[in-house]
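K.L.:
Sequential numbering of the sequence shown, starting at 1424, is according to our numbering.
Glycine included, each C-beta is placed from N, C-alpha and C at the ideal position.
Remember, it's a predicted structure, so these values are computed and weren't measured experimentally.
Input: one structure, supplied below.
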Amino acid sequence: MGGVRGGALKSNRHEVPAILGNRVELQLLTTLRCNLKCSYCSLGVGDVLGSQRNVTYSLDALDRFIATHLAGHEIYVTFYGGEPTLKLDLMKAVMKRHPRFRFQLQTNGTLLDSLPDWVLGRLSNILVSIDGGEKITDGYRGRGIYRRVLKNVNAIRERVGGTLTARVTWSSADTSFEELDQLTQDFDYVYFQFVAQDGAYAAEAVAKKREVIARLVRAFFSSETLYPFIPLMGTVRNKVLPALATEPYAGMTQCRASTHLLNVMPDGKIYPCPDLMYLPEMMQGDVVGNWLKPSPLQPHPDMPCARCAAFAFCRRNCMKNLPLAYVKGDARYREDVVEPICDLVRFLGEEVDRHDPHAWFARMPLSVREQLAGCAVYEYVEVMP
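This is the structure in structure tokens:
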């Protein structure tokens, strides 16, 4: 279904709404410029990184778009990039215009100490990109970055209104349990995502990741409190409370790209996935033209997910990888990247099952059960790795 440019979508009972559900996440890319050069950056694909340095739509145009297409929805904004804090004035302007919205920041953490207290106090969550321990993080991001980021995190911690979440791109085969576990000392939560990169999933690398996953799962079930790793929490939640794997996402993927995630480029063009903004066919709207249509990232018969043992808790993660591997038919990408990641997700589910998550949930205190079920960070990340 195409969008109607210059106005709202026509409304009739045969059309699918552009946004499924009551919530919508506006992921505003304040700039495509970054002050780091991480070697695995997904925005490097298609020369997206650095291609748009400044927002060229007006905030009045953004307001019109919101009023036309998002009225009646609970709106939360994620500031994204590039490095979003390079455009702090834009962040502040959006936050002042929309004081009722929730706000999240995804950042490399190098400029966190430059944020004023009132901005920090309004952020419901800060996702800080980090790659594990010092050696691995500095190897991907530059010398001294690990210590600089942790220094900034600890300097602002008491001034942040919401939570601090480490966002780990699990790239290295040498990432250890100890360095991931250590992140729980500096962050409220840890989210990790397996890197979508050629060469990362040789047999030895996969075996090492399995060992670390098994140790993380053991730590989760042996903890007297909630071990704050979002992929583990999400997997357990989805197994013991399966309705929560589907209800917030209209039965679709938990990355939200099929339902209610709008990535707004600095020029105002809108895409469902921040890693696919180089593909013209993925465009689903435009702030300047004031039009929006449903996400093109939808389940497809060529995707094997419904037959997968992990489907009930994974729910087609991720909708970047699946279309490339199965719909576009990129056999090399499927074999070298997607299938190994899916194997690791299945392994995570199997390890969780070995610890009887239903029995664990039954004996946990109410506070842990409520945190597992209703953690707000699920709304800000892909949940699955």
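1) Quick check: the stretch 1520-1527 against the stretch 1559-1566, are at least 3 beta-carbon pairs closer than 8 Å?
2) I need the DSSP call for Q1794, collapsed to helix, strand or coil.
3) List the whole-angstrom C-beta distance separating E1742 from C1696, where the pair is believed to meet the contact cut-off of C-beta under 8 Å.
4) Counting C-beta neighbours from all protein chains within 10 Å, is the total for V1447 16 or more, i.e. buried, or is it exposed?
5) List, from N- to C-terminal side, the beta strand (DSSP E) runs of 3 residues or more that fit wholly inside the stretch 1642-1719.
6) Leaving out five residues before and five after G1469 in sequence, what residues of the same chain have Cβ atoms less than 6 Å from its Cβ?
7) Compute the Euclidean distance between the alpha carbons of G1467 and V1806, then round it to the nearest angstrom.
8) Could you give the first and the last residue of the continuous beta strand (DSSP E) run that contains R1525?
9) Since F1617 sits in a beta bridge, which residues does DSSP pair it with?
10) What three-state label does DSSP hand Y1503 in the structure shown?
11) Could you tell me the alpha carbon to alpha carbon distance between A1589 and F1610, rounded to whole angstroms?
12) Quick check: what's the CA-CA separation for A1441 versus G1544?
13) Helix, strand or coil: which one does DSSP assign to N1740?
14) Can you name the start and end residues of the alpha helix (DSSP H) that E1448 belongs to?
15) Quick test of your reading: I1549 and L1528, contact by CB under 8 Å. State the CB separation rounded to the nearest angstrom.
16) Check the DSSP bridge columns for E1497 and list the partner residues they point to.
17) Between E1506 and the rest of its own chain, which residues show a CB-CB distance below 8 Å, the 5 nearest in sequence each way excluded?
18) Select from Q1475, F1643 and S1595 the residue whose C-alpha is nearest the C-alpha of F1784.
19) Distance check for A1623 and L1747, CA to CA, integer angstroms please.
20) Compare the beta carbon distance of H1683 and G1444 with 7 Å and say whether it is the shorter of the two.
21) Note down, in chain order, each residue of its chain lying with its Cβ closer than 8 Å to the Cβ of D1766, except the 5 sequence neighbours on either side.
22) Helix, strand or coil for S1481 per DSSP?
23) Roughly how many whole angstroms lie between the Cα atoms of G1565 and E1557?
24) Tell me which same chain residues have a C-beta within less than 7 Å of the C-beta of L1795, skipping the five on either side of it?
25) Would the beta-carbon of F1736 fall within 7 Å of that of K1662?
26) Below 8 Å, can you find three or more Cβ-Cβ pairs linking the stretch 1684-1693 to the stretch 1472-1488?
27) Cα separation between G1772 and H1778?
28) If you count every other CB in all the chains shown that lies within 10 Å of the CB of P1724, and 16 or more means buried, which is it?
29) Check Y1801 in the structure and name its three-state DSSP category.
30) Of the residues I1498, L1789, Y1803 and K1510, which one's Cα is nearest the Cα of E1647?
31) Applying the 10 Å Cβ sphere with the 16-neighbour rule, what's the burial state of E1581?
32) Between which two residues does the beta strand (DSSP E) containing R1546 stretch?
33) Between H1492, A1782 and G1584, which has its C-alpha nearest D1380's C-alpha?
34) Using a threshold of 7 Å, state whether the C-beta atoms of P1808 and Q1677 are closer than that.
35) Rounded to whole angstroms, how far is the Cβ of V1576 from the Cβ of T1592, which I believe are closer than 8 Å?
36) In angstroms with no decimal places, state the Cα-to-Cα distance between R1738 and G1567.
P.N.:
Quick answer:
1) no
2) Of the three classes helix, strand and coil, the one that applies to Q1794 here is helix, per DSSP.
3) Looking at the sequence itself, residue 1742 is Met, so the reference to Glu does not match. 6 Å between Cβ atoms; contact.
4) buried
5) Those beta strand (DSSP E) runs which fall completely within the stretch 1642-1719 and span 3+ residues are 1684-1687 and 1692-1694.
6) Per-residue confidence for G1469 stands at a pLDDT of 48, beneath the threshold of 50, marking its modelled position as unreliable; the derived number appears in the next sentence. Y1701, listed in sequence order.
7) Here G1467 scores only 49 on pLDDT, less than 50, and its place in the model should not be relied on; the value that follows carries that caveat. Computed Cα separation, rounded: 24 Å.
8) R1525 to T1530
9) W1593
10) strand
11) Counting only the Cα atoms, F1610 lies some 6 Å from A1589.
12) Their Cα atoms are separated by approximately 32 Å.
13) coil
14) Careful: E1448 lies outside any alpha helix (DSSP H), inside the beta strand (DSSP E) at R1446 to L1452.
15) I1549 to L1528, Cβ: 5 Å. Contact.
16) Per DSSP, R1446.
17) T1454, R1456, C1457, N1458, L1459, T1530, N1531, T1533 and L1534
18) Cα-wise, what sits closest to F1784 is F1643.
19) 17 Å
20) yes
21) V1629
22) Coil at S1481, not helix or strand.
23) Taking the straight line from one Cα to the other gives about 10 Å.
24) L1649, M1656, V1659 and R1660
25) yes
26) yes
27) 10 Å
28) exposed
29) helix
30) L1789
31) exposed
32) Just to set this straight, residue 1546 is Leu in the shown sequence, not Arg. L1546 to I1553 is the extent of the beta strand (DSSP E) around L1546.
33) Missing from the structure shown is residue 1380; the chain here goes from 1424 to 1808 and no further.
34) no
35) About 17 Å separates the two Cβ atoms, so there is no contact after all.
36) 38 Å
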